[in-house]
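Data block below; observations after.
In our numbering, the protein residues as written are 1 to 201.
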């Protein structure tokens, strides 16, 4: 029954999911990938199914071998599921296989509204450092393309207290990387933030 439940959630068959739960299916059972029903629904961006499963008490913090609901939705830019997970009290301290919290891949991939939602509505640590010794700000600079979305993300991160002085393992700051990559607008954002920081201190 659990396999049927997880397949139904991946397909977004919410009514069938609710019926299976009423018939005794385990809402937090996992398939061979270690994936729960709510995580399977998240992978396929089945927003209404995720909503129904959360309302029925699904544990959104359970991870497969890589991700949980918030981590996958954040990395994929699934804003509505990110909002549902935050509202349901998702643990923002859980990390992916690179040791990153949800805001880091979201920042890297240019998911502006996901970054905004995490900063506005959760207790996400804007200065969390992953296994590469990179923060969300560092990833937005190094792995971004320097375009408008990444500029907006850098500004958001700065506005919400990103530490400009956290370096990579080689001792380079986000500003130094922005200069090296020729991301002039990001460089300006970081310089302005730096000067504001000095004027406040």
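A virtual CB, placed ideally from N, CA and C, is assigned to each residue, including glycine.
As the structure is a computational prediction, the values presented were derived from the model and not from experiment.
* Simplified DSSP assignment, three categories, for residue 120 -> Taking the first residue of the chain shown as position 1, residue 120 is located at position 120. Helix at residue 120.
* Any alpha helix (DSSP H) of 4 or more consecutive residues that is wholly inside the region 162–197 -> 174–181
* Asked: With DSSP run on the structure shown, which of helix, strand or coil describes residue 58?
  -> For this step, residue 58 is matched to residue 58 along the chain shown. Correct three-state label for residue 58: coil.
* To do: Pull up the CB-CB distance for residue 54 and residue 84, whole angstroms please, since I reckon it's below 8 Å.
  => If you number the chain shown from 1, residue 54 lands on position 54. If you number the chain shown from 1, residue 84 lands on position 84. Contact flag correct, Cβ pair sits at about 6 Å.
* Does DSSP put residue 1 in a helix, in a strand, or in coil? -> Your numbering for residue 1 matches position 1 in the chain shown. In the structure shown, residue 1 sits in coil (DSSP, three-state: anything other than H, G, I, E or B).
* Asked: Roughly how many whole angstroms lie between the Cα atoms of residue 195 and residue 164?
  -> Mapped onto the chain shown, residue 195 falls at position 195. Mapped onto the chain shown, residue 164 falls at position 164. Using only the alpha carbons, I get a separation of about 11 Å.
* Limits of the alpha helix (DSSP H) - the one that residue 109 falls within -> Sequence index remark: in the chain shown, residue 109 carries index 109 (1-based). Run containing residue 109: none; DSSP gives neither H nor E here.
* **Integer-rounded CB distance, given that residue 78 should sit under 8 Å from residue 45** => As a working note, residue 45 is residue 45 in the chain shown. As a working note, residue 78 is residue 78 in the chain shown. Contact holds; Cβ gap of about 5 Å.
* For residue 101 and residue 128, believed in contact at Cβ under 8 Å, the rounded distance -> Taking the chain shown and counting its residues from 1, the one referred to as residue 128 is at position 128. Taking the chain shown and counting its residues from 1, the one referred to as residue 101 is at position 101. Confirmed, about 5 Å.
* Cα-Cα separation between residue 70 and residue 92, rounded to whole angstroms -> On the chain shown, position 70 is the one that residue 70 refers to. On the chain shown, position 92 is the one that residue 92 refers to. Answer to the nearest angstrom: the Cα atoms are 8 Å apart.
* To do: May I have the straight-line CA-CA distance separating residue 116 from residue 160, to the nearest angstrom?
  => Numbered from its first residue, the chain shown carries residue 116 at position 116. Numbered from its first residue, the chain shown carries residue 160 at position 160. Distance between the alpha carbons of residue 116 and residue 160 is about 10 Å.
* Asked: Looking only at C-alpha atoms, which of 106, 125, 172 sits nearest to residue 144?
  -> One-based indexing of the chain shown puts residue 144 at position 144. Selected option, being the one with the closest Cα: 106.
* **Unbroken alpha helix (DSSP H) run spanning residue 95, endpoints** => If you number the chain shown from 1, residue 95 lands on position 95. Looking at the DSSP string, residue 95 is not in any alpha helix (DSSP H), and its letter there is neither H nor E.
* residue 34 in three-state terms, based on DSSP -> In the chain shown, counting from the first residue as 1, residue 34 sits at position 34. Collapsing the DSSP output to three states places residue 34 in coil.
* Asked: Do you know how far the Cα of residue 86 is from the Cα of residue 206?
  -> Beyond the ends of the chain as shown, which are 1 and 201, falls residue 206; an answer cannot be given.
* Is residue 74 helix, strand or coil by DSSP? -> If you number the chain shown from 1, residue 74 lands on position 74. Reduced to three states, the DSSP call for residue 74 is helix.
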